[in-house]
Amino acid sequence: MQEFFGLRVTGNLDLATMEVMEKPRCGVPDVAEYNLFPRKIKWKKNNITYRITNYTPDLQSVDVDTAIWKAFMIWSEVTPLKFARIHEGEADIMISFGTGEHGDSYPFDGADGLLAHAFPPAAGIGGDTHFDEDETWTMGSNGYNLFLVAAHEFGHALGLAHSRDPGALMYPTYTYTSMDEFRLSWDDVKGIQALYGASKQIITNRKPPQRTPKKCSRKLSFDAVVSLRGEMLFFKDRFFWRRHPTMPEVELTLIRSFWPKLPARIDAAYENQARDFLVVIKRNKYWAINGYDIMPGYPKYIYRLGIPKSVRKIDAAVHIAVTSKTLFFAGDQYWSYDERKRVMDEDSPRLIADDWPGIPGRVDAAFAQHGKFKSK
Numbered sequence: 001m002q003e004f005f006g007l008r009v010t011g012n013l014d015l016a017t018m019e020v021m022e023k024p025r026c027g028v029p030d031v032a033e034y035n036l037f038p039r040k041i042k043w044k045k046n047n048i049t050y051r052i053t054n055y056t057p058d059l060q061s062v063d064v065d066t067a068i069w070k071a072f073m074i075w076s077e078v079t080p081l082k083f084a085r086i087h088e089g090e091a092d093i094m095i096s097f098g099t100g101e102h103g104d105s106y107p108f109d110g111a112d113g114l115l116a117h118a119f120p121p122a123a124g125i126g127g128d129t130h131f132d133e134d135e136t137w138t139m140g141s142n143g144y145n146l147f148l149v150a151a152h153e154f155g156h157a158l159g160l161a162h163s164r165d166p167g168a169l170m171y172p173t174y175t176y177t178s179m180d181e182f183r184l185s186w187d188d189v190k191g192i193q194a195l196y197g198a199s200k201q202i203i204t205n206r207k208p209p210q211r212t213p214k215k216c217s218r219k220l221s222f223d224a225v226v227s228l229r230g231e232m233l234f235f236k237d238r239f240f241w242r243r244h245p246t247m248p249e250v251e252l253t254l255i256r257s258f259w260p261k262l263p264a265r266i267d268a269a270y271e272n273q274a275r276d277f278l279v280v281i282k283r284n285k286y287w288a289i290n291g292y293d294i295m296p297g298y299p300k301y302i303y304r305l306g307i308p309k310s311v312r313k314i315d316a317a318v319h320i321a322v323t324s325k326t327l328f329f330a331g332d333q334y335w336s337y338d339e340r341k342r343v344m345d346e347d348s349p350r351l352i353a354d355d356w357p358g359i360p361g362r363v364d365a366a367f368a369q370h371g372k373f374k375s376k
């Protein structure tokens, strides 16, 4: 398990391992294969039938029907697969809600924990998908979003195993994304097309699959970098890397898995150690975060800090603990905000080149570590 999730393999139940174990997840076991079941199990046909045998009382039946249909459609759009619903008889994929022991020798475990499971393509129980009725199923961000979990489980029902890519739908742990915003990752698309090939239909308004940034890419740049409670966080798109001084490897994590209501592709971030919160900035708004929680009243407009409304975007921000000043960089200028007095310094803005002649052009990211200020 530690190896699969990219954790340091210690054989011990350490804090990082416990954090992963506590996350709601799929009931299909973790496997080491790329993202296909062993022997490349797949349906031998492109026309697949499904049947919903019962409904959860958490949702109206029309909402369940919609979530299930849209979950199939995300796979149909990128492959030649076609899905047809039947209302009686035996379908290729039988869909049901159940609790505890529910007839397949793989019992559910009550609320949270295992959310659902599906069987790989085969006759009989193969392809069948079961949802734990002890969960609260929703169409939004509360409880567990049926569309998201169904889309993941149908990946298994079509022949995909779990992915190591934390940005993939087939990653084992649950992270909320709205149905309207959802897109498959490149990893998901490559996996399903390795089994069934690409779709021949042309969909003009389809958004391209989402890519996961590679830490060793020479073209990699960061949206923001911040030191937080001894860790270094490197933000990129909808992800961030965590670098702890005691861990040999960085850990790639979805922003939404920690802070579900934060936006992707942030512009800047900084830590205020004295007040024990993290500030995240995107465009003209900022969020204050304590631990896993966004503080009440946020987001707020950056103009409340004294930054002029002509500034549409902050390039970087850094808090200098020894002076209790936060520096906001935009273009070739920067503003200095006094955190004690809660007011912008009177001589702001100043030219970056005047105070840091060695910094060429615009600042992409900045952070403070061990009392030293660094920028890129």
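Heads up, the sequence shown is in full-length UniProt numbering, so the first residue is 1 and it goes up one at a time.
Virtual Cβ for every residue (Gly too), placed ideally from N, Cα, C.
Model, not experiment: these values are computed from the prediction.
Could you check what DSSP says for A118 in three-state terms: helix, strand or coil? A118: strand per DSSP, three-state reduction.
Quick one: which unbroken alpha helix (DSSP H) runs of 4-plus residues sit fully inside the UniProt domain "Peptidase metallopeptidase" (39–198)? Chain order, please. Positions of the alpha helix (DSSP H) runs, each at least 4 residues long and wholly inside the UniProt domain "Peptidase metallopeptidase" (39–198), are given as 61–76, 146–158 and 186–196 in order along the chain.
Should P120 and G197 be called a contact, given that it needs their Cβ atoms to be closer than 8 Å? No. Outside cutoff.
Would you say T53 and I95 are within 8 Å of each other, going by their C-beta atoms? The answer is yes: Cβ separation under 8 Å.
Thinking C-alpha only, which one of D92, E271, K82 and L254 is nearest Y174? Closest option to Y174, Cα to Cα, is L254.
State yes or no: is the C-beta of I68 within less than 8 Å of the C-beta of A150? A contact, by the Cβ cut-off of 8 Å.
Can you tell me whether D355 is helix, strand or coil according to DSSP? Three-state result, D355: helix.
Is the distance from the Cβ of W241 to the Cβ of L228 below 8 Å? No.
Here's the rule I'm using: 16 or more other beta-carbon atoms within 10 Å means buried, otherwise exposed. How should V343 be labelled? So V343 counts as exposed.
So, with DSSP's three-state summary, where would you put F235? Judged by DSSP in its simplified three-state form, F235 adopts strand.
Taking 7 Å as the cut-off, is the CB of K207 close to at least one heavy atom of the ligand NAP? This structure lacks the ligand NAP; in fact it carries no ligand of any kind.
Assuming F258 and Y286 are in contact, meaning their beta carbons sit under 8 Å apart, how far apart are those beta carbons, in whole angstroms? Between Y286 and F258 the Cβ distance is about 17 Å, and since that is not below 8 Å, they are no contact.
Within 10 Å of its beta-carbon, does L220 have 16 or more other beta-carbons around it, so buried, or fewer, so exposed? With fewer than 16 other Cβ atoms within 10 Å, it is exposed.
Report, in whole angstroms, the separation of the C-beta atoms of P209 and R183, which I expect to be a contact under 8 Å. With 8 Å as the limit, P209 and R183 qualify as a contact, their Cβ atoms being about 6 Å apart.
Identify, in the order they occur along the chain, each residue of the same chain with its Cβ nearer than 6 Å to the Cβ of T87, setting aside the five sequence neighbours on each side. Correcting the residue identity first, residue 87 is His in this sequence and not Thr. Apart from the 5 residues on each side of it in sequence, H87 has no Cβ closer than 6 Å to any other Cβ in its chain.
Is DSSP giving S336 helix, strand or coil here? Of the three classes helix, strand and coil, the one that applies to S336 here is strand, per DSSP.
DSSP state of R218, grouped into three classes? Here R218 sits in coil by DSSP.
Look at the Cβ atom of residue 380, then the Cβ atom of V189, and state whether they are nearer than 8 Å. Here the chain has residues from 1 to 376 only, and residue 380 is not among them.
What residue from H130, G159 and N290 has the CA that sits closest to N46's CA? Taking only the C-alpha atoms, the option nearest N46 is G159.
Alpha helix (DSSP H) segment containing I302, residue limits: Counting along the chain, I302 falls outside any alpha helix (DSSP H), and DSSP gives it neither H nor E.
Which residues in the same chain have their Cβ closer than 6 Å to the Cβ of E153, if we skip the five residues on either side of it in sequence? Here the set comprises A116, A118 and T129.
Under three-state DSSP, which class holds P208? In the structure shown, P208 sits in coil (DSSP, three-state: anything other than H, G, I, E or B).
When the Cα atoms are used, what is the spatial distance from D345 to A330? Taking the Cα positions, D345 is about 16 Å away from A330.
Out of K42, E90, W137 and P299, which one is the CA nearest neighbour of Q60? Nearest C-alpha to Q60: W137.
Cβ-Cβ separation, D134 to D165 (assumed contact under 8 Å), whole Å: That pair is no contact at about 29 Å.
Starting from I320, trace the beta strand (DSSP E) in both directions and tell me its first and last residue. A316 to I320 is the span of the beta strand (DSSP E), which, as asked, contains I320.
Cα-Cα separation, A288 to H244: About 22 Å.
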